[in-house]
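Student: Pasting a structure here, questions to come.
2 protein chains.
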Amino acid sequence: MQAGRVTRDLTPAQRIAWLRLIRTENIGPVTFRQLLNRFGSAEAALEALPDISAKAGRPMQAISQARAEDEVAGLDRYGARLVGQGEPGYPEHLLQISGAPPLLTLAGGERLDWRRTVGIVGARNASSAGVKMTRVLAGDLGASGYSVVSGLARGIDAAAHRASLETGTIAVLAGGFDRIYPEENIPLAHDILDNGGALLTEMPLGWEPRSRDFPRRNRLVSGLSLGVVVVEAAKRSGSLITARLALEQNRDVFAVPGSPLDPRAEGGNLLIQQGARLVTSAADIIEVVSSADPARHALFEPEWQPDEAAEQNEPAPDDRSKLLQALSTTPVDVDELIAQTGIAPQAMQILLLELDIGGQIEWSSGQLVALRYS
Amino acid sequence: MQAGRVTRDLTPAQRIAWLRLIRTENIGPVTFRQLLNRFGSAEAALEALPDISAKAGRPMQAISQARAEDEVAGLDRYGARLVGQGEPGYPEHLLQISGAPPLLTLAGGERLDWRRTVGIVGARNASSAGVKMTRVLAGDLGASGYSVVSGLARGIDAAAHRASLETGTIAVLAGGFDRIYPEENIPLAHDILDNGGALLTEMPLGWEPRSRDFPRRNRLVSGLSLGVVVVEAAKRSGSLITARLALEQNRDVFAVPGSPLDPRAEGGNLLIQQGARLVTSAADIIEVVSSADPARHALFEPEWQPDEAAEQNEPAPDDRSKLLQALSTTPVDVDELIAQTGIAPQAMQILLLELDIGGQIEWSSGQLVALRYS
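Same order as they appear, the protein sequences are chains A and B.
Heads up, the first sequence is in UniProt numbering, so the first residue is 1 and it goes up one at a time.
Heads up, the second sequence is in UniProt numbering, so the first residue is 1 and it goes up one at a time.
Here's what the structure looks like:
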């Protein structure tokens with residue numbers, strides 16, 4: 001852990017309240033943080049939820065205490081634990097990314113180096129040359145003291161984990177802990193835990209990964225890493241999405257080149273043309289990441305601000321209708337909305353939070369907001 | 001030819017005088033220019049040569065009129081002509097490089113586009129994938145109106161010429177016109193001329209190329225080109241020398257990537273790591289060179305200044321010994337020599353020219369001068 005960073009354990013009751021809140025429909029990491037900032041605690045936010053969702057025209061409840069306790073008990077059986085943002089065991093690099101999960105489900109990894117980390121991603125239908133290159137890179141990174149992060153997919157991901165089993169490997173799942181995908185990698189997942197590696201996910205127990213969950217998972221692969229290496233990737237592929245996310249998170253992006261005659265080299269070559277660093281050996285990576293500090297270069301401030309909610313200016317009676325009038329399905333900047341409607345900034349924040357929880361708006365790029373297509 | 005550039009034909013007598021001067025021992029392109037600047041013409045420089053070389057302690061003669069006329073007659077039999085710097089047929093891009101040859105031996109190429117030119121170089125022991133990539137690049141560049149420049153070597157060079165035979169190709173020789181190397185490419189040389197392409201060299205008729213002549217040739221390949229593409233190259237190879245020369249000449253450098261597991265990709269990958277542009281198609285090259293203008297970006301002023309020699313300050317009687325005292329085998333800046341010895345700049349220039357012709361000094365990086373190891 002970084003010197004000077006304040007961490008504190010959640011109480012069991014707080015952890016259950018956090019879990020209930022984050023597992024509730026329409027509440028993602030950003031809304032979760034806004035709720036905690038406004039109401040001061042997850043418990044208070046849970047109490048307020050029926051009221052503020054009703055204001056947005058769509059009354060809703062958080063998931064029940066019993067369901068949350070069931071998940072905790074279930075995770076226990078898998079040897080997994082929940083770790084909250086701000087707790088000592090929460091991976092520090094993740095604090096620096098936009099939309100970091102408030103709660104992670106985590107197993108193993110107690111003695112891993114979570115700060116010296118390199119992500120390796122690539123094609124599921126990897127060539128034997130790609131697999132060999134991955135083995136060389138992951139093996140040499142491990143031998144140099146770096147933990148290897150990947151997504152437990154077929155091909156390059158699996159090769160990266162296998163080559164770093166003994167030196168430290170971190171697998172990020174797209175689904176629940178009991179829904180490892182692909183099934184053929186379940187034995188590899190066990191090997192990872194048996195060797196002191198880590199498995200983690202932000203998704204609930206029992207969650208079957210859908211296609212949209214993979215890019216979501218990828219932002220954690222890059223977010224956990226100082227830099228991300230793309231080994232083999234087609235021009236449109238999840239690996240390129242990971243590379244883009246890594247850039248947005250201000251991580252170093254590396255790519256292994258290949259012959260232009262090889263379709264599996266297209267993505268990597270394209271990344272290099274766009275500014276990724278060409279990699280031929282682990283030394284090329286270490287030279288760069290050894291001086292990388294994602295905290296210092298972070299584009300985003302740590303999102304979790306565990307201070308008490310400031311006094312709020314409640315919205316005026318007609319503010320909500322004014323705001324709905326001003327919104328459309330075209331994303332618009334919040335500052336522009338404030339200027340147009342004359343709604344006070346604090347009141348605007350409250351109204352948007354309510355509409356968000358009510359499922360009526362969606363955010364893009366942090367500061368742009370639009371009505372949801374219904 | 002560039003609008004506004006003044007060109008003029010040499011008279012037959014001037015051409016012979018130029019040839020005698022440049023074919024003389026110790027007189028390279030830079031010394032040639034200094035002599036013309038000082039004496040106003042090659043004829044005058046030839047007359048002065050015995051005297052100034054004697055001053056440097058090593059009396060010498062230019063090659064004879066008869067020998068020069070023999071070369072011209074010999075070139076005639078090969079259908080080749082001599083073209084001088086400043087003449088209309090002299091390739092314009094070459095005017096921008098340091099040490100451009102005063103005289104080129106040239107055959108064919110009358111209807112080539114000498115301004116839209118791309119060099120392609122690479123391994124002699126090319127792989128079939130490398131040859132295929134070269135065919136694709138040279139073919140597509142040709143189809144887009146670019147002339148392809150290369151060195152008529154085995155492997156990549158030959159593939160580049162063959163793929164651009166019909167659209168325009170320029171082969172630069174490392175030896176004399178009658179000493180094409182390797183011999184297996186003599187038929188290709190004939191094909192180039194038969195298809196309107198060009199063969200050129202700065203070396204005398206009958207000159208058998210030695211190993212040091214190949215890098216010398218390579219500076220003309222890059223100098224003739226808007227940009228140079230390296231297709232397959234080992235880590236220490238002539239192709240990398242060409243790339244370095246191209247950078248010094250402010251040309252764009254491109255490299256085709258390859259798997260780090262393939263030794264023939266090492267040079268290209270290294271170049272990309274050092275800043276060369278990664279190339280997967282001719283479009284990647286055209287995008288860059290279509291807006292390149294070597295004249296505008298030239299690091300060097302055109303070297304040939306056909307003005308009359310300015311009045312010279314002759315050196316004082318003891319200046320020569322002062323200068324020889326100050327010189328050593330460690331290269332030193334001319335300005336520093338002037339400051340140390342108190343010799344007037346004009347006199348310094350004359351003395352250095354004499355010592356140069358006398359074979360007593362050598363230049364490095366344009367402005368650094370040292371005693372030759374004897």
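We put the CB at the ideal spot given by N, CA and C, even for glycine.
Compile a chain-ordered list of the residues in the region 250-276 of chain A whose CB is closer than 9 Å to at least one CB of chain B.
Tutor: Val256, Pro257, Gly258, Ser259, Pro260, Leu261, Asp262, Ala265, Glu266, Gly268, Asn269, Leu270, Ile272 and Gln273
Student: Is there at least one Cβ from chain A nearer than 9 Å to methionine 60(B)'s Cβ?
Tutor: no
Student: Can you name, in chain order, every residue of its own chain whose Cβ lies under 7 Å from the Cβ of glycine 358(B), other than the five neighbours on each side?
Tutor: Ser53, Ala56, Gly57 and Arg58
Student: What are the partner residues of leucine 82(B), as DSSP defines its beta bridges?
Tutor: In the DSSP assignment, leucine 82(B) forms a beta bridge with Thr105(B).
Student: For alanine 126(B), which residues of its own chain have a beta-carbon under 6 Å away from its beta-carbon, when the five flanking residues on both sides are left out?
Tutor: Gly155, Ile156 and Glu232
Student: Restricting to Cα atoms, I'd like to know which of Leu152(B), Leu200(B), Val118(B) and Val131(B) is closest to leucine 226(B).
Tutor: Val118(B)
Student: Could you please tell me which residues of the region 101-135 of chain B, in chain order, have their CB closer than 8 Å to any CB of chain A?
Tutor: Ala129, Lys132 and Met133
Student: Are arginine 23(A) and proline 204(A) touching if we call contact CB-CB under 9 Å?
Tutor: yes
Student: Using a Cβ-Cβ cut-off of 9 Å, state whether phenylalanine 300(A) counts as contacting chain B.
Tutor: Low confidence applies to phenylalanine 300(A): its pLDDT is 38, below 50, so where it sits in the model is not reliable, and the reading given next is rough at best. By this cut-off, phenylalanine 300(A) is not an interface position.
Student: In chain order, what are the residue ranges of uninterrupted alpha helix (DSSP H) at least 4 long that sit wholly in the region 32-90 of chain A?
Tutor: 42-55 and 65-77
Student: Alanine 138(A) to alanine 160(A), Cα distance in whole Å?
Tutor: 6 Å
Student: Answer yes or no: do serine 164(A) and valine 148(A) have a C-beta to C-beta separation smaller than 9 Å?
Tutor: yes
Student: Looking at the structure shown, is aspartate 319(B) part of a helix, part of a strand, or coil, going by DSSP?
Tutor: helix
Student: Would you kindly work out how many angstroms separate the C-alpha atoms of valine 83(A) and histidine 93(A), rounded to a whole number?
Tutor: 14 Å
Student: Taking all protein chains shown into account, do 16 or more other C-beta atoms lie within 10 angstroms of the C-beta of glutamine 367(A), making it buried, or fewer, making it exposed?
Tutor: exposed
Student: Within a Cβ cutoff of 8 Å, which residues of the same chain sit near leucine 46(B), ignoring the five residues on either side of it in sequence?
Tutor: Ala17, Arg20, Leu21 and Ala62
Student: If I measure Cβ to Cβ from glutamine 340(B) and keep anything under 6 Å in the same chain, skipping five residues before and after, which residues do I get?
Tutor: Ala326
Student: Please classify serine 211(A): is it buried, with 16 or more other beta-carbons within 10 angstroms of its beta-carbon, or exposed?
Tutor: exposed
Student: What is the residue span of the beta strand (DSSP E) that residue 418(A) lies within?
Tutor: Residue coverage of chain A in this structure runs from 1 to 374, which leaves residue 418(A) outside it and unanswerable.
Student: When DSSP labels each residue in this structure, what does tryptophan 18(B) get in the three-state scheme?
Tutor: Note: tryptophan 18(B) maps to helix in three-state DSSP.
Student: Just to check my reading of the structure: residue 448(B) and arginine 320(B) have Cβ atoms closer than 8 Å, yes? What is that Cβ distance to the nearest angstrom?
Tutor: Not covered by the structure: residue 448(B). The range shown for chain B is 1 to 374.
Student: Output needed for alanine 276(B): all residues of its chain with C-beta closer than 7 Å, excluding positions within five of it in sequence on either side, in chain order.
Tutor: Taking alanine 276(B) as the centre and dropping the five residues before and after it, the same chain places the C-beta of Ala243, Val253, Phe254 and Ala255 closer than 7 Å to its C-beta, in chain order.
Student: In the DSSP assignment, the beta strand (DSSP E) including valine 256(A) goes from what residue to what residue?
Tutor: First-last for valine 256(A): undefined, no H or E at that position.
Student: Can you name the start and end residues of the alpha helix (DSSP H) that alanine 246(A) belongs to?
Tutor: Here the alpha helix (DSSP H) through alanine 246(A) covers 238-248.
Student: Cα separation between alanine 68(A) and proline 101(A)?
Tutor: 17 Å
Student: Are the CB atoms of leucine 200(A) and threonine 134(A) within a distance shorter than 9 Å?
Tutor: no
Student: Would you list the one or two residues that DSSP bridges to tryptophan 363(B)?
Tutor: Val369(B)
Student: To the nearest whole angstrom, what separates the beta carbons of alanine 282(B) and serine 144(B), a pair I think is in contact under 8 Å?
Tutor: 6 Å
Student: Would you kindly work out how many angstroms separate the C-alpha atoms of alanine 234(B) and glycine 268(A), rounded to a whole number?
Tutor: 21 Å
Student: Taking the alpha carbon of serine 291(B) as the point to measure from, which residue in Pro345(B), Arg115(B), Ala107(B) and Gln360(B) has its own alpha carbon closest?
Tutor: When each option's Cα is compared against that of serine 291(B), the closest is Arg115(B).
Student: Considering Cα atoms alone, identify which of Ile285(B), Arg264(B), Glu266(B) and Asp262(B) is closest to glutamine 273(A).
Tutor: Just measuring C-alpha positions, the residue of Ile285(B), Arg264(B), Glu266(B) and Asp262(B) sitting nearest glutamine 273(A) is Ile285(B).
Student: Distance, Cα to Cα, proline 187(B) vs glycine 258(B)?
Tutor: 31 Å
Student: Quick check: what's the CA-CA separation for asparagine 313(A) versus alanine 66(A)?
Tutor: Their backbone Cα atoms lie some 35 Å apart in a straight line.
Student: Check whether the region 23-42 of chain A and the region 327-335 of chain A touch, using three or more Cβ-Cβ pairs below 8 Å as the test.
Tutor: By the C-beta criterion, the region 23-42 of chain A is judged not to be in contact with the region 327-335 of chain A, since fewer than 3 inter-stretch pairs fall below 8 Å.
Student: Residues in the same chain with beta-carbon distance under 8 Å from serine 237(A), minus the five sequence neighbours each way, listed in chain order, please.
Tutor: Ala123 and Gly267
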